[in-house]
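J.: For the sequence shown, this note's numbering begins at 19 and goes up steadily by one. Backbone N, C-alpha and C fix where the C-beta goes; we use that ideal spot for every residue, glycine too.
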Amino acid sequence: MTAYDKIQILLIDDEPKGLEKQLLLGGEEFRVPGFIPEAGTRATIQNVGDLFDLRWLATAEEAREFRDSSRLLMAHDPGKLATGGWVPELLCFDYALTGNEQQIEERGLPDTVIDQLSPLPSLRRALLARGLPEPARSKVPLTGAAGGHDNLGLYCGGLILTLFADHPCAPVALTRKSPERTAGEEAGVFEWLLEHDAGETIRAKGRPGLSWNALLVEGVRTLRLRLQRLLVGRLVEIRLDDLLALATGESCEVIEVRSRFGKRRYPIAGLFADFPAQERDEEVRTWADQCLRIVLEPLLAGQEGEGKGRTIAAVGELRDGIRLANLLWESYDGSHLYERRARFSSLLARGQEGSLAAAEKEELAQLGDLFGLSAEDLAGALKKSRPNAKCTKNVHDLRVLSVSDRSRRWATLMVMVRLAAQAERARRLWGRLSQVHGLSEHFDPVTGSLSKEDVFLALFPVPSSPLVTPFESEGNVQTAWGNVLRRFKSSNGSEDLWLDVGDVLVGYDWGQPVPGSSRTAHGLHPGERFVLRMYSHQFGGPVEEWTQGGEWLLDRSPGVESSDIAPARAAVAVGEVADE
19 MTAYDKIQIL LIDDEPKGLE KQLLLGGEEF RVPGFIPEAG TRATIQNVGD LFDLRWLATA
79 EEAREFRDSS RLLMAHDPGK LATGGWVPEL LCFDYALTGN EQQIEERGLP DTVIDQLSPL
139 PSLRRALLAR GLPEPARSKV PLTGAAGGHD NLGLYCGGLI LTLFADHPCA PVALTRKSPE
199 RTAGEEAGVF EWLLEHDAGE TIRAKGRPGL SWNALLVEGV RTLRLRLQRL LVGRLVEIRL
259 DDLLALATGE SCEVIEVRSR FGKRRYPIAG LFADFPAQER DEEVRTWADQ CLRIVLEPLL
319 AGQEGEGKGR TIAAVGELRD GIRLANLLWE SYDGSHLYER RARFSSLLAR GQEGSLAAAE
379 KEELAQLGDL FGLSAEDLAG ALKKSRPNAK CTKNVHDLRV LSVSDRSRRW ATLMVMVRLA
439 AQAERARRLW GRLSQVHGLS EHFDPVTGSL SKEDVFLALF PVPSSPLVTP FESEGNVQTA
499 WGNVLRRFKS SNGSEDLWLD VGDVLVGYDW GQPVPGSSRT AHGLHPGERF VLRMYSHQFG
559 GPVEEWTQGG EWLLDRSPGV ESSDIAPARA AVAVGEVADE
């Protein structure tokens, strides 16, 4: 089965009746929160312990320590909080915490059980490892409320919920109190303050009893809504291939989500645990389609059609763009055809100058046959009398597939993402090699930046034309192939999709005035930027070096000329050395 991260639950409850299991250790019996089998119903969640993980806070003091410690660690390193603390996806909180005011460590549980159930021991160790102080502790002030009639859990749960407001964290109120019980009280005002983040769980409170099945059914439904809401706010990113697979009913067991706390791989069986397996597929497709609509919404205004049909068209063009980008990349980065096409161009250029040996002439003829050039066209190309001759076989360039111009635009941008990721990996690998082997920095073959030439090499790795590529003829690559990108239009010709590689590399947005020039840039649309960020995670990005002033750039060094930059393909050679 595909590896995944269990969906993490934080339970805040002093007496979690109905949510406990019996634990037998050393002949002694303990009752602690834990998943227990439930009677089979249509919505009974199977294999709960395999899909969900649980931590427990029993008192307001523990909840305060958890929040203060998490906030401190989060300020220094959100990723460390995810590995050394507890970042919940489901936050289940009771309102009253004064029925049993003993902290977990005071309840006679073995240390091993405490360490497994409470998130506090690992949080304390994480603070210590970073040299950070533990937050001050004190007893909760008296409120005058009778035991079990307070609202401390509401305040604790609400403050922790807001702490993780930029993470997929779904609240579930456990209280038996009806909405009327808090109306007209300060607690009602606090519920109102939480309305955006807590939503339905506050309005639905008033449970006669507790069971894991009921809580998890509500929790995962809310979690899916939270994911979509965070997508709207661009606070999380979902792996684009996962969304596309789910939306089309392809087999996909996990969905990868990134927040500022790092990457999480949620099991689909857990995220849709409220549906029996045999009824899940359609719900998964619907949810993924809604997510894609959110992601593409800023770009849909220029698409033909309305509503769902417009979204389907946009998703289809995006999928075609990814497919084309993959084909180009495979040819550029993993095919012998790339080198043989370059050799063909080199021999032809030299043949036009009449400097080929007999063996080289034979090799040129073989390569001409490989790329579908007739003997007549090859002879004409050598004499420069057939300047428009084209390769017709084994061609891999941006122009060859029958897809829309918008798909070609997506493919162009996605190839650039993959180039940037490869160049960045090469830069880091070379840095590590330099440290290990004491290599001089003057021999660094990779800068980690991209040039226009890098991009065009990947977009036209085995081009149909020109036969002699601008890299061999010292021609202008922008003139040779850049015009292809200037002709991009929407399917009905109503929308200009012109793309300028240089503008994208420097980081100019679409329509932005170019400093020192009268022209406007043809770079990224804001909606494209977010889609590309999601796409880039499949290849290790976006990394810190790709950002400047809060804006995502594909080039770490704007303004550097291509002649000063080694092609990103050098990353392959560096990677091979590192692997040895």
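#1: Along the chain, where does the alpha helix (DSSP H) that runs through E83 open and close?
#2: With a threshold of 16 other CB atoms inside 10 Å of the CB of T304, please say whether the residue is buried or exposed.
#3: Taking the straight line between their C-alpha atoms, what separation do you get for H167 and A114?
#4: Where does K402 fall in DSSP's three states?
#5: Where R547 and E236 are concerned, what is the direct C-alpha to C-alpha distance, given to the nearest angstrom?
#6: Assuming L468 and L523 make a contact with CB atoms under 8 Å, what is their CB distance in whole Å?
#7: Below 8 Å, can you find three or more Cβ-Cβ pairs linking the region 537–557 to the region 507–526?
#8: So, D338 versus S425, is the Cβ gap smaller than 8 Å?
#9: Where D86 and E79 are concerned, what is the direct C-alpha to C-alpha distance, given to the nearest angstrom?
#10: What residue does the alpha helix (DSSP H) around A476 start on, and which one ends it?
#11: Whole angstroms are fine: how far does the CA of G162 sit from the CA of I178?
#12: Please state the DSSP three-state secondary structure of P226.
#13: Just verifying my parser: in three-state terms, what is the DSSP assignment at E236?
#14: Measuring straight from C-alpha to C-alpha, what distance separates L262 and R404?
#15: Between G102 and L141, is the Cβ-Cβ spacing less than 8 Å?
#16: So what's V421 in DSSP terms, helix, strand or just coil?
#17: When you compare the CB positions of L605 and C110, do they come within less than 8 Å of one another, or not?
#18: Enumerate, from N- to C-terminal direction, the unbroken alpha helix (DSSP H) stretches of 4 or more residues contained entirely within the region 336–415.
#19: To the nearest angstrom, how far is the alpha carbon of L571 from that of V190?
#20: With DSSP as the reference, please indicate the residues paired to T538 in a beta bridge.
#21: If the criterion is Cβ atoms closer than 8 Å, does the pair V131 and F70 meet it?
#22: How about I286 and E271: are their beta carbons less than 8 Å apart?
#23: Measure how close the beta-carbons of Y553 and R283 come, nearest whole angstrom, since I'm counting them as under 8 Å.
#24: With a Cβ-Cβ cutoff of 8 Å, do L365 and E378 count as a contact?
#25: Identify whether L127 lies in helix, strand or coil by the three-state DSSP scheme.
#26: Hey, could you find the ends of the beta strand (DSSP E) V619 is sitting in?
#27: Taking Cβ positions, are R417 and S508 nearer each other than 8 Å?
#28: Could you tell me whether the Cβ atoms of I27 and L138 are closer together than 8 Å?
#29: Can you tell me the Cα-Cα spacing of G52 and K470, whole angstroms?
#30: State the DSSP-derived secondary structure class of R155, mapped to helix, strand or coil.
#31: Between A407 and D415, which are expected to be in contact by the criterion C-beta below 8 Å, what is the C-beta distance as a whole number of angstroms?
#32: In this structure, does DSSP put D299 in helix, strand or coil?
#33: Can you tell which of F362, V502 and K157 has its C-alpha closest to the C-alpha of E380?
#34: Do V435 and L550 have their C-beta atoms within less than 8 Å of each other?
#35: Find the nearest neighbour of N344 within the set G97, V302, F557 and P294, judged by alpha-carbon distance.
#36: I'd like the span of the beta strand (DSSP E) that includes Y284, first residue to last.
T.: The short version:
#1: Taking the sequence shown and counting its residues from 1, one reaches residue 83 at position 65. E83 -> alpha helix (DSSP H) spans A78 to H94.
#2: Looking up residue 304 in the sequence shown gives position 286. So T304 counts as exposed.
#3: On the sequence shown, position 149 is the one that residue 167 refers to. On the sequence shown, position 96 is the one that residue 114 refers to. Their Cα atoms are separated by approximately 6 Å.
#4: Here residue 402 corresponds to residue number 384 of the sequence shown, with the count starting at 1. In the three-state scheme derived from DSSP, where H, G and I count as helix and E and B as strand, K402 is classed as coil.
#5: For the purposes of this step, residue 547 is taken as the residue at position 529 of the sequence shown. For the purposes of this step, residue 236 is taken as the residue at position 218 of the sequence shown. Each residue's alpha carbon lies about 34 Å from the other.
#6: Here residue 468 refers to the residue found at position 450 of the sequence shown. Here residue 523 refers to the residue found at position 505 of the sequence shown. With a Cβ gap of about 6 Å, L468 and L523 count as contacting.
#7: yes
#8: Sequence index remark: in the sequence shown, residue 338 carries index 320 (1-based). Sequence index remark: in the sequence shown, residue 425 carries index 407 (1-based). Yes, Cβ-Cβ distance for D338 and S425 is below 8 Å.
#9: For this step, residue 86 is matched to residue 68 along the sequence shown. For this step, residue 79 is matched to residue 61 along the sequence shown. So the two alpha carbons sit approximately 11 Å from each other.
#10: Along the sequence shown, one-based indexing puts residue 476 at 458. Its alpha helix (DSSP H) spans residues K470 to L477.
#11: Here residue 178 refers to the residue found at position 160 when the sequence shown is read from its first residue. Here residue 162 refers to the residue found at position 144 when the sequence shown is read from its first residue. Rounded to whole angstroms, I178 to G162 spans 24 Å at the Cα level.
#12: Mapped onto the sequence shown, residue 226 falls at position 208. It is coil, neither helix nor strand.
#13: For this step, residue 236 is matched to residue 218 along the sequence shown. For E236, the three-state secondary structure derived from DSSP is helix.
#14: Within the sequence shown, the letter at position 244 stands for residue 262. Within the sequence shown, the letter at position 386 stands for residue 404. Those two C-alpha atoms are separated by around 45 Å.
#15: Position 84 of the sequence shown, counted from the start, is the residue given in the question as residue 102. Position 123 of the sequence shown, counted from the start, is the residue given in the question as residue 141. Yes, they are a contact pair.
#16: Looking up residue 421 in the sequence shown gives position 403. Residue state, collapsed to three classes: coil.
#17: The structure shown does not extend to residue 605, since the chain spans only 19 to 598, so no value can be given for it.
#18: 354–370, 376–388 and 393–400
#19: Counting from 1 along the sequence shown, the entry for residue 571 is found at position 553. Counting from 1 along the sequence shown, the entry for residue 190 is found at position 172. Summary for L571: the model assigns pLDDT 44, below 50, so the residue's position carries little reliability; its value from the coordinates is reported in the next sentence. In a straight line, the C-alpha of L571 is about 39 Å away from that of V190.
#20: The residue labelled residue 538 in the question sits at position 520 within the sequence shown. Bridge partners of T538: P531.
#21: The residue labelled residue 131 in the question sits at position 113 within the sequence shown. The residue labelled residue 70 in the question sits at position 52 within the sequence shown. No, these two residues do not count as a Cβ contact at 8 Å.
#22: The residue labelled residue 286 in the question sits at position 268 within the sequence shown. The residue labelled residue 271 in the question sits at position 253 within the sequence shown. Yes, these two residues count as a Cβ contact at 8 Å.
#23: Numbered from 1 along the sequence shown, position 535 holds the residue referred to as residue 553. Numbered from 1 along the sequence shown, position 265 holds the residue referred to as residue 283. Y553 to R283, Cβ: 17 Å. No contact.
#24: Mapped onto the sequence shown, residue 365 falls at position 347. Mapped onto the sequence shown, residue 378 falls at position 360. Yes, Cβ-Cβ distance for L365 and E378 is below 8 Å.
#25: Here residue 127 refers to the residue found at position 109 of the sequence shown. Correct three-state label for L127: coil.
#26: This structure cannot settle anything about residue 619, because the visible part of the chain is limited to 19 through 598.
#27: Taking the sequence shown and counting its residues from 1, one reaches residue 417 at position 399. Taking the sequence shown and counting its residues from 1, one reaches residue 508 at position 490. No, Cβ-Cβ distance for R417 and S508 is not below 8 Å.
#28: Along the sequence shown, one-based indexing puts residue 27 at 9. Along the sequence shown, one-based indexing puts residue 138 at 120. Not closer than 8 Å, so no.
#29: Sequence index remark: in the sequence shown, residue 52 carries index 34 (1-based). Sequence index remark: in the sequence shown, residue 470 carries index 452 (1-based). Within the model, the alpha-carbon separation for G52 versus K470 is close to 57 Å.
#30: Here residue 155 corresponds to residue number 137 of the sequence shown, with the count starting at 1. In the structure shown, R155 sits in coil (DSSP, three-state: anything other than H, G, I, E or B).
#31: Start at 1 with the first residue of the sequence shown, and residue 407 comes out as number 389. Start at 1 with the first residue of the sequence shown, and residue 415 comes out as number 397. With a Cβ gap of about 15 Å, A407 and D415 do not count as contacting.
#32: The residue labelled residue 299 in the question sits at position 281 within the sequence shown. Here DSSP, grouped into helix, strand and coil, assigns D299 to helix.
#33: Indexing the sequence shown from 1 puts residue 380 at position 362. Among F362, V502 and K157, the Cα nearest to that of E380 is on F362.
#34: Here residue 435 is taken as the residue at index 417 of the sequence shown, counted from 1. Here residue 550 is taken as the residue at index 532 of the sequence shown, counted from 1. Yes, the Cβ-Cβ distance between V435 and L550 is below 8 Å.
#35: Sequence index remark: in the sequence shown, residue 344 carries index 326 (1-based). Nearest of G97, V302, F557 and P294 to N344, Cα basis: F557.
#36: Position 266 of the sequence shown, counting from 1, holds the residue named residue 284. For Y284, the enclosing beta strand (DSSP E) covers residues G280 to P285.
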